[in-house]
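Remarks on the structure that follows.
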Amino acid sequence: MEKTITVPTGYVRYLLTQVEKQGYNLDELLAVVGIDPTEIEQRTEFSAIKFGQLYQRIMWTAQDESFGMVSGGRVPNGTFRMMCHAIIHCPTLERAIYRCSSFYEICRGTKVKPYLVRKGRYAKLSFAPVSSVPEKEVREMLHNEAPAVVRTGLSMWHHFISWLIGSRLDLKAAYFTFPPQDDSYHYETLFQSEIKFGQHDNAIVFPARYLDYPIIQSDESLRGFLQTAPYQLIVMVDNDQSLRSQVKAMLGKDFSRELPGAEEVAFKLNMSVSTLRRRLAEENSSYQKIKDECRKKAAINYMDSPQLSINDVAALMGFDEPSAFFRSFKKWTGMTPGEYRRSDTYGEKYSLGMS
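Sequential numbering of the sequence shown, starting at 1, is according to full-length UniProt numbering.
In structure tokens:
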């Protein structure tokens with residue numbers, strides 16, 4: 001039986017206190033989402049899906065996408081969607097974060113933006129003022145902000161980055177300026193890293209190698225992500241921390257470029273090639289097998305896009321000659337590209353609007 005993903009009921013209670021402070025009708029809001037108030041009163045854990053639906057409704061009602069998060073202002077609905085479209089085709093995570101920071105410089109409402117510092121083996125992501133806002137004003141705002149809001153802000157950025165690269169961002173530590181909280185144990189569960197309170201900054205620290213990971217999401221996966229947001233920002237939906245998952249994330253989805261070899265991947269993962277091969281073998285996999293799986297998946301994704309000709313797909317897959325792509329595709333799927341597009345599998349996907 002599949003385990004239900006939950007969040008602490010304290011998340012729901014805190015969010016609803018903020019809603020009440022702004023004068024919204026709680027009973028009406030809960031009724032629209034289909035939540036019985038007794039669910040919140042009697043349980044210690046609450047359905048993450050329902051919490052996501054509630055959060056979505058609150059943002060729509062308040063016309064503020066930053067509700068309950070670090071922003072210092074009211075952010076118009078649709079801002080997050082446009083930011084995602086602005087960064088989804090960036091080649092690396094580092095470029096995506098920098099572009100995201102630039103995006104928040106020109107959007108309305110927020111006083112803060114994500115701020116990335118890369119230094120040696122580690123990188124730090126924190127909050128910084130947009131250029132039009134004095135640094136002192138944001139420092140005071142963060143100082144007066146509820147710990148739950150700061151925690152939620154950093155957690156959402158952690159989850160969003162993990163989604164972008166298709167692998168959990170393994171944190172070294174999470175820093176907070178406020179003192180230890182009554183639910184400090186939950187911070188450790190949430191961030192799965194060392195937690196430090198009373199620090200000079202609110203930030204997450206992680207190995208800098210992640211910044212070189214490619215963005216593996218696409219316009220198609222982004223559509224599904226935005227339909228359920230902020231659900232995937234609240235919980236870590238894909239918590240696969242296997243080495244195989246990390247290698248897949250590093251390979252990405254752009255096969256028109258030269259892929260890194262096993263030696264380069266091992267170096268970025270701070271291990272020898274022999275260790276990489278041994279640990280992948282323990283997971284019943286290998287570097288070549290993972291690469292073939294990724295290439296097959298990318299080829300099928302491209303083939304499922306009817307606007308692309310077979311020659312277009314061959315070029316996107318990095319083949320100089322379409323005939324070489326034909327041979328490889330038949331090896332992967334048992335069909336030539338033409339046979340695949342004439343098959344029932346392709347017809348069903350296209351008719352259902354999945355391309």
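Beta carbons are placed, not taken as given, at the ideal position from N, Cα and C, and that holds for glycine.
The alpha helix (DSSP H) enclosing V112, as first and last residue numbers: Looking at the DSSP string, V112 is not in any alpha helix (DSSP H); the run it does join, the beta strand (DSSP E), is 112–119.
Cβ neighbour criterion (16 or more within 10 Å) applied to Y185: exposed
Residue range of the unbroken beta strand (DSSP E) whose run includes D125: Before going on, a small fix: residue 125 reads as Leu here, not Asp. Its beta strand (DSSP E) spans residues 122–129.
Selection from T92, G109, E135 that minimises the alpha carbon distance to L164: T92
Pairwise C-alpha distance: E258 and S66: 40 angstroms
Start-end ranges of the beta strand (DSSP E) lying completely within the segment 209–245, minimum 3 residues: none
Rounded distance between the beta-carbons of S126 and A174, thought under 8 angstroms: Their Cβ separation, rounded to whole angstroms, is 11 angstroms, which puts A174 and S126 out of contact at 8 angstroms.
Alpha carbon of P180 to alpha carbon of C294, nearest angstrom: 43 angstroms
Inter-residue Cα distance where the pair is G34 and R278: 50 angstroms
DSSP bridge partner residues for T6 (one or two, in chain order): S47
Backbone secondary structure at V19 - three-state DSSP: helix
Residue range of the beta strand (DSSP E) that includes I310: No beta strand (DSSP E) holds I310; the alpha helix (DSSP H) holding it covers 310–316.
L171 beta carbon less than 8 angstroms from that of H159: no
Backbone CA spacing between Y55 and P114 [nearest angstrom]: 22 angstroms
Three-state class that DSSP yields for P337 in the structure shown: helix
For Y11: DSSP bridge partner residues: Its beta-bridge partners do not exist; DSSP assigns none.
Beta-carbon gap between I216 and G252 smaller than 8 angstroms: yes
As assigned by DSSP and simplified to three states, the class of V205: strand
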